[in-house]
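A short worksheet on the structure shown next.
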Amino acid sequence: MALRVGVIGGGQLARMMIAPAVELGLDLRVLAEEEGMAASLAATAVGDYRDAATVLAFARDVDVVTFDHEHVPQDVLAALVEAGVIVRPGPDPLRYAQDKLLMRARLHELGMPQPEWAAVSNADELQGFLDTHGGRAVVKTPRGGYDGKGVRVVSAGTEADDWFTALAEDARGGALLAEELVDFSRELAQQVARRPSGQMRAYPVVETVQRDGVCAEVIAPAPHGAGRLSQVASRIGLGIAEGLDVTGMLAVELFETTDERLLVNELAMRPHNSGHWTQDGAVTSQFEQHLRAVLDLPLGDPEPSAAWSVMVNILGGPETDSLDQRFAAVMEAYPAAKVHTYGKAPRPGRKVGHVTAVGEELDEVAYEARAAASFFED
Ligand code: ADP
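Sequential numbering from 1 applies to the sequence shown in UniProt numbering.
Structural data, given as structure tokens:
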């Protein structure tokens, strides 16, 4: 009987596991938040991932449970483990992808390079951090942020008062994360796959370009990254995967500072936007690799299959617009570009698909991907 993988969360990451699951002969089940989500092509149950009974019922007849996002609460994860369900990545490593304060403390213990940081509980403490860090800092809500929501640059201790108030009302309590405002020349991402047995493979480090807090573009491998940069980045990625006992795909977002250091920004323990290029530009895509890793099957080759890959995200335009109407024109104009769409309604600013181009000349590849993606936007 085919091995069964249960994915919690029905977004585009679960959707993009479907094709490799079919190729590998796996049976993929998805627990989606609602009907008609991006992953509804797979055998899909609909239910609340915060409800232990719902998740337990979903997990009952799969061989391993994995994730499209990291928001499943720890008590639900604990109930799964208690019931004998195999959960990968497990609750312990996931804790560090769920809470940025826990992550900073653990990475400190592991000796990983990161921005200077502190936990701050009120405006006075934040002001104290500002006073010792040049008067400006980045404040983050430890839990629940994504795409730049929950990240704010401040220059006065009172500028996060609304978040302190919200925390005081949250039963879990806690503090905010204050970080030095890093002077970076670019952002990078290092992906690593790790099996429960300990086997690991590192993908080449990539450059990620963000606009308005959202990943806009990825260049793989990172230009001028051969040699020391890629060695340091992969050592960081492998060290974190091992140190936190991650299973499946790990993405480590990094800052390259103007004085050429690499600092860890944040972690994702699942396939990640920075790795979408691997579908068309690497021997083994991150989605196939994640399935192999969580099933403890031998990992695939992460090497690029061409010199350059450029991935450009497609963001939604006005609600009424349909991607499908523009498909034919893009296919006609850019036959070498690979278009991936997520079956999502194109609300403004929402990631609804991406385009990847691969080839030997970076300028040509980047032009192809950007031009094709821009066809979809207004
Ligand atoms: P999210 O969880 O929303 O992805 P991140 O922690 O990745 O939040 O921050 C979003 C963006 O904000 C980063 O990609 C980076 O551009 C900027 N940023 C985050 N932390 C810092 C920092 N300490 N210094 C400078 N810029 C930062």
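In this text, a Cβ means the ideal position worked out from N, Cα and C, and glycines have one as well. All values reported here derive from a predicted model rather than from experimental measurement.
{"Asked": "Residue from F376, A137, H354 and F58 whose Cα sits closest to the Cα of A32", "Found": "F58"}
{"Asked": "Contacts around T320, its chain only, beta-carbon distance under 8 Å, and the 5 residues preceding and following it disregarded", "Found": "With a pLDDT of 47 at T320, under the threshold of 50, the modelled position of this residue cannot be trusted; read the value that follows with caution. None."}
{"Asked": "Presumed contact (8 Å Cβ cut-off) between V330 and S305, rounded CB distance", "Found": "The Cβ separation is near 23 Å, so there is no contact."}
{"Asked": "W308, DSSP secondary structure in three states", "Found": "strand"}
{"Asked": "6 Å Cβ shell around H272 - same chain, five flanking residues per side excluded", "Found": "A251"}
{"Asked": "Alpha helix (DSSP H) segments (min. 4 residues) lying fully within the region 38–68", "Found": "52–59"}
{"Asked": "Rounded Cβ spacing between S185 and E256 (contact assumed at less than 8 Å)", "Found": "5 Å"}
{"Asked": "Cβ separation of V205 and A178, assumed to be a contact under 8 Å, to the nearest whole Å", "Found": "Going by Cβ atoms, the distance from V205 to A178 rounds to 27 Å, so no, they are not a contact pair."}
{"Asked": "Residues that DSSP places opposite L263 in a beta bridge", "Found": "F255"}
{"Asked": "Residue from V64, R194 and V62 with nearest C-alpha to P298", "Found": "R194"}
{"Asked": "Start and end residues, beta strand (DSSP E) containing I8", "Found": "R4 to I8"}
{"Asked": "E125 in three-state terms, based on DSSP", "Found": "helix"}
{"Asked": "Delimiting residues of the beta strand (DSSP E) encompassing T341", "Found": "K338 to T341"}
{"Asked": "Span of the alpha helix (DSSP H), counted from its first residue to its last, around T284", "Found": "Here T284 belongs to no alpha helix (DSSP H), and DSSP marks it neither H nor E."}
{"Asked": "Residue range of the unbroken beta strand (DSSP E) whose run includes H224", "Found": "Run containing H224: none; DSSP gives neither H nor E here."}
{"Asked": "Cα-Cα separation, F67 to R88", "Found": "8 Å"}
{"Asked": "Close Cβ partners of D51 (< 8 Å) along its chain, the five nearest in sequence each way excluded", "Found": "V76"}
{"Asked": "Residue closest to L362, alpha-carbon to alpha-carbon, out of V310, P348 and T356", "Found": "V310"}
{"Asked": "Classification of K149 by the beta-carbon crowding that lies within 10 angstroms, buried from 16 upward", "Found": "exposed"}
{"Asked": "Nearest-angstrom Cα separation, counted from G157 out to E125", "Found": "7 Å"}
{"Asked": "beta-carbon E179 near the ligand ADP non-hydrogen atom, thresh 7 Å", "Found": "yes"}
{"Asked": "Beta-bridge pairing of D27 - partner residues as DSSP gives them", "Found": "R4"}
{"Asked": "Which of helix, strand or coil DSSP assigns to H354", "Found": "strand"}
{"Asked": "Start and end residues, beta strand (DSSP E) containing T208", "Found": "V206 to R211"}
{"Asked": "For T320, three-class secondary structure by DSSP", "Found": "Note that T320 scores a pLDDT of 47, beneath 50, so its modelled location is shaky; the value from the coordinates is reported in the next line. In the structure shown, T320 sits in coil (DSSP, three-state: anything other than H, G, I, E or B)."}
{"Asked": "Per-residue DSSP class, three states only, for Q114", "Found": "coil"}
{"Asked": "Continuous beta strand (DSSP E) stretch holding F184: start and end", "Found": "F184 to R194"}
{"Asked": "8 Å Cβ cutoff met for A337 and A369", "Found": "yes"}
{"Asked": "V85 (DSSP reduced to helix, strand or coil)", "Found": "coil"}
{"Asked": "Of the residues G213, A97, V182 and G144, the one placed nearest L167, counting alpha carbons only", "Found": "G144"}
{"Asked": "CB contact flag (V264, W308, <8 Å)", "Found": "no"}
{"Asked": "Check whether G6 and V46 have beta carbons under 8 Å apart", "Found": "no"}
{"Asked": "Check: K351 C-beta below 7 Å from any heavy atom of the ligand ADP", "Found": "no"}
{"Asked": "Separation of R228 from G25, as counted between CA atoms", "Found": "39 Å"}
{"Asked": "N265 beta carbon near the ligand ADP (any heavy atom closer than 7 Å)", "Found": "yes"}
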